[in-house]
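A short write-up of the structure that comes next.
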Amino acid sequence: MRPLIPDYLADVLSSCAEDDSGALATYIPELARADPNRFGVALSTVDGAVYCTGDSDTEFTIQSISKPFVYALALQDRGFDAVLDKIDVEPSGDPYNELSLEGSTGRPLNPMINAGALATHALIEPDGDVQARVERIVSGLSAFAGRELTIDEAAFESEVGTAYRNRALANMLRSYDNLVFEPLDVVRGYTRQCSVLVTTRDLAVMAATLANGGVSPVTGEHVISPRIVRQVLSVMTTCGMYDSAGDWLSTVGIPAKSGVSGGILGVLPGQSGLATFSPRLDGHGNSVRGVRAFERFSDQMGLHLMEVAPPARGVIRAEREVRMADGGLADVFSLQGAIRFAGAERVVRTLAEDTHLAPHVVFDVTYVFSVNRVAGAMLREVAQRIIADGHIVTIVDPEEILSITPDGGPLRLTRTVTEALGNKV
Ligand code: GLN
4 MRPLIPDYLA
14 DVLSSCAEDD
24 SGALATYIPE
34 LARADPNRFG
44 VALSTVDGAV
54 YCTGDSDTEF
64 TIQSISKPFV
74 YALALQDRGF
84 DAVLDKIDVE
94 PSGDPYNELS
104 LEGSTGRPLN
114 PMINAGALAT
124 HALIEPDGDV
134 QARVERIVSG
144 LSAFAGRELT
154 IDEAAFESEV
164 GTAYRNRALA
174 NMLRSYDNLV
184 FEPLDVVRGY
194 TRQCSVLVTT
204 RDLAVMAATL
214 ANGGVSPVTG
224 EHVISPRIVR
234 QVLSVMTTCG
244 MYDSAGDWLS
254 TVGIPAKSGV
264 SGGILGVLPG
274 QSGLATFSPR
284 LDGHGNSVRG
294 VRAFERFSDQ
304 MGLHLMEVAP
314 PARGVIRAER
324 EVRMADGGLA
334 DVFSLQGAIR
344 FAGAERVVRT
354 LAEDTHLAPH
364 VVFDVTYVFS
374 VNRVAGAMLR
384 EVAQRIIADG
394 HIVTIVDPEE
404 ILSITPDGGP
414 LRLTRTVTEA
424 LGNKV
């Protein structure tokens, strides 16, 4: 069979390619020289399948798309308190290069605008050593991309020579004691960070690493913890698209980050990473064709975060009363799927409402493929409460997904329902 996803991506690409509105960023001379017609689209699944179309292997500078990843590295190096102490997480509704700091504390409003990104850059270990800091960032970004990335020296020189606004921002941070280093050193380091070369394919893999809870789908490396991923995705959701963040969230509904060279990366938690590259920008500094492509992905693939998930009702696959080998009666509850709070609540409620529960209760979780922390705790508590009411409980859990330890008494663990009912296997 001819694979379906590349055809779909090519279809999105050709329909969005018709739009040649927008303009190249010119404040960085090197970006003004980009080929405006380039257009690449890529999708990486969380299990490492990468689909690409168009100019998806063309290299361009990562620019602002580095910000969420360096924020992740700063959180890893310094911990949450130290980072939040320096940079807030409030959407600013301002353009990315706005000269703004929080009035009372002098903190940048968030790590996605330049003020916050400069402060974030300066938090990367090791202290004081400009060169080492950049090396740590390049290797961190490489871990996200699953390959060794390099810096475009020409783009760096081109931007750093005219980075007057970023210098102003760094000086402002320094004046509020938010920066302990020489402002110009921080601007140079941050500009090198923005000059790391990536392809659309790399961005899709980087996004998929976040979608996969911080584990690279291509190398298997644990790049950052799930708790840091959660923080980064939250900030991307509220601040990733600058002063169009609200519009983006309501129409596209995917945590995303754009960059002034024309890249956009989007993360579908637990599913996949998406990326586009097309250099013409709209008034907010976001790629025109990229925004269009993401609107189509979201609509056609049903990717909007706020799209309401199917109700948890289906967690109880079957409920039946059966006769056991010894003649006693058992109620067998077969559960299925991914169980989270709402699914576990369904199980709790069903049992609480059951006034004729048989002496023996069997929970069959053979077809349950995941139970989150709260659901696991709720199901274990249900077992204990039924036992306290005088019943015997058997958990059929061949993969030990519920982590139940049988107690040699009323709490039992088996691998099959047949065994739970006392029949020979
Ligand atoms: N290096 C660029 C800057 O600091 C990044 C901006 C962006 O991509 N939006 O201005």
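For the sequence shown, our numbering gives the first residue as 4, with consecutive numbering after it.
The beta-carbon is built from N, C-alpha and C at its ideal position, and this holds for glycine as well.
Legend entry - Where the alpha helix (DSSP H) containing I389 begins and where it ends: Per DSSP, I389 belongs to the alpha helix (DSSP H) from 376 to 391.
Inset, instruction - Quick one: grab the DSSP three-state call for Q134. - result: Correct three-state label for Q134: helix.
Legend entry - Counterpart residues of K260 in DSSP-defined beta bridges: Under DSSP, K260 shares a beta bridge with L268.
Legend entry - Among R191, A378, L271, the one whose alpha carbon lies nearest that of A173: Comparing Cα positions, the closest option is R191.
Legend entry - Inter-residue spacing [alpha-carbon to alpha-carbon] between Q387 and T240: Looking at the backbone, the Cα of Q387 and that of T240 are separated by about 40 Å.
Inset, instruction - Pull up the distance between the alpha-carbon of G106 and that of V92, whole angstroms please. - result: Approximately 15 Å, taken between the alpha carbons.
Inset, instruction - Report yes or no: do three or more beta-carbon pairs, one from the region 283 to 292 and one from the region 387 to 404, lie closer than 8 Å? - result: Using a C-beta cut-off of 8 Å, the region 283 to 292 makes no contact with the region 387 to 404, since fewer than three inter-stretch Cβ pairs fall below that distance.
Inset, instruction - Alpha carbon to alpha carbon, how far is L277 from F42? Give it in angstroms, no decimals. - result: Their Cα atoms are separated by approximately 14 Å.
Inset, instruction - Give the range of the alpha helix (DSSP H) segment to which A37 is assigned. - result: No alpha helix (DSSP H) contains A37, which DSSP labels as neither H nor E.
Inset, instruction - Could you tell me if the beta carbon of Y167 falls within a distance shorter than 6 Å of some heavy atom in ligand 1? - result: No, the beta carbon of Y167 sits no closer than 6 Å to any heavy atom of ligand 1.
Legend entry - Separation of I116 from C242, as counted between CA atoms: Each residue's alpha carbon lies about 8 Å from the other.
Legend entry - Anticipated Cβ contact below 8 Å, V318 with V365, distance rounded: Actually they do not touch by this definition, with Cβ atoms about 16 Å apart.
Legend entry - Neighbour-count burial assignment, S237, 16 or more Cβ in a 10 Å radius: Flag for S237 reads exposed.
Legend entry - Whole-Å CB distance - Q196 paired with H307, under 8 Å assumed: Wrong, their Cβ atoms sit about 31 Å apart, outside the cutoff.
Inset, instruction - Could you tell me which of V232, R230, G262, R233 sits nearest to M244, measuring between CA atoms? - result: Ranking the options by Cα distance to M244, first place goes to G262.
Inset, instruction - Would you mind giving the Cβ-Cβ distance between G143 and F72, rounded to the nearest angstrom? I have them listed as a contact below 8 Å. - result: Rounded, the Cβ-Cβ distance is 7 Å, consistent with contact.
Inset, instruction - Check whether the Cβ atoms of V374 and I404 sit closer than 7 Å, and answer yes or no. - result: Yes, they are a contact pair.
Inset, instruction - Have a look at H394, A214, Y370, M381 and flag the residue whose alpha-carbon is nearest the alpha-carbon of R418. - result: Here the closest residue by C-alpha is Y370.
Inset, instruction - Report whether the distance from the Cβ of Y74 to the nearest heavy atom of ligand 1 is below 6 Å. - result: Checking every heavy atom of ligand 1 against the Cβ of Y74, none is found closer than 6 Å.
Legend entry - Beta-carbon contacts of R139 that lie in its chain and below 6 Å, excluding the five residues immediately before and after: If we look at R139 and ignore the five residues flanking it on each side, its Cβ neighbours are I127.
Legend entry - Completely contained beta strand (DSSP E) runs for the region 15 to 83, where each covers 3 or more residues: If we require 3 residues or more, the beta strand (DSSP E) runs fully inside the region 15 to 83 come out as 43 to 48, 53 to 57.
Inset, instruction - Could you tell me if D205 is buried or exposed, where buried requires 16 or more neighbouring beta carbons within 10 angstroms of its beta carbon? - result: Under this definition D205 is a buried residue.
Legend entry - Secondary structure of Y99, DSSP reduced to three states: Assigned with DSSP and collapsed to three states, Y99 falls in coil, not helix or strand.
Inset, instruction - Note the first and the last residue of the continuous alpha helix (DSSP H) segment covering V351. - result: Per DSSP, the continuous alpha helix (DSSP H) segment holding V351 begins and ends at 344 to 356.
Inset, instruction - Measure the C-alpha to C-alpha separation of F280 and S59 and round it to an integer number of angstroms. - result: Taking the Cα positions, F280 is about 8 Å away from S59.
Inset, instruction - To the nearest angstrom, report how far apart E160 and D10 are at their CA atoms. - result: Distance between E160 and D10, taken at the CA atoms: about 39 Å.
Inset, instruction - Using 10 angstroms around the beta-carbon of L182, count the other beta-carbons present and answer buried if the total reaches 16, otherwise exposed. - result: The residue in question, L182, is buried, as its Cβ has 16 or more Cβ neighbours within 10 Å.
Legend entry - Reference Q303, options P6, V208, V15, R5, closest by Cα: Of P6, V208, V15, R5, the residue nearest in Cα terms is V15.
Inset, instruction - Just mark S178 as buried or exposed, buried being the case when its beta carbon has 16 or more other beta carbons within 10 Å. - result: Exposed.
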